[in-house]
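Numbering (the UniProt record's numbering), first residue to last: 1 to 142. Ideal Cβ placement from N, Cα and C applies to all residues, glycine included. Read through the structure below, which is laid out as structure tokens, and then see the notes.
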């Protein structure tokens with residue numbers, strides 16, 4: 001998997017994320033010097049958790065034949081202690097359909113097992129960053 005993030009030449013800080021066949025803008029809010037023309041990196045991080053939970057729950061419900069008709073996942077962030085090493089995310093699921101209490105609980109349990117939740121809570125992520133001497137946009141053979 002290869003993701004590219006490139007500055008939008010017509011913007012102050014906005015960059016365009018290239019993922020597979022998708023283009024996603026990212027920017028900072030006005031107070032941080034951007035134009036608020038897209039989600040900032042924290043928004044993208046947080047929304048990846050919500051998206052993963054939503055996709056995992058809908059996939060599971062369809063696979064099990066559960067009568068889930070609609071789904072909304074909200075993510076709330078508390079970054080007040082981020083500099084002290086604590087970043088809090090809380091998620092809420094809204095489930096639509098004729099689900100029993102047991103099915104609702106089953107879907108809640110499944111949401112906690114989504115791959116991004118596991119990545120954020122149980123996996124050590126190792127990151128390396130290197131310099132490439134080619135200018136941005138240069139095609140380089142693999």
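When DSSP states are grouped into helix, strand and coil, residue 70 belongs to the strand group.
Under DSSP, residue 112 shares a beta bridge with no residue. By the neighbour-count definition (other C-beta atoms within 10 Å, threshold 16), residue 50 is a buried residue. Taking C-alpha positions only, residue 65 is separated from residue 103 by approximately 11 angstroms. The closest CA to that of residue 33, considering only 109, 43 and 13, is found on 13. When the beta-carbon positions are compared, residue 38 and residue 26 come within less than 8 angstroms of each other. With a threshold of 16 other beta carbon atoms within 10 Å, residue 1 falls short and is exposed. Cβ contact annotation for residue 23 (same chain, cutoff 6 angstroms, sequence separation greater than five): 16, in chain order. In the DSSP assignment, residue 135 is bridged to no other residue.
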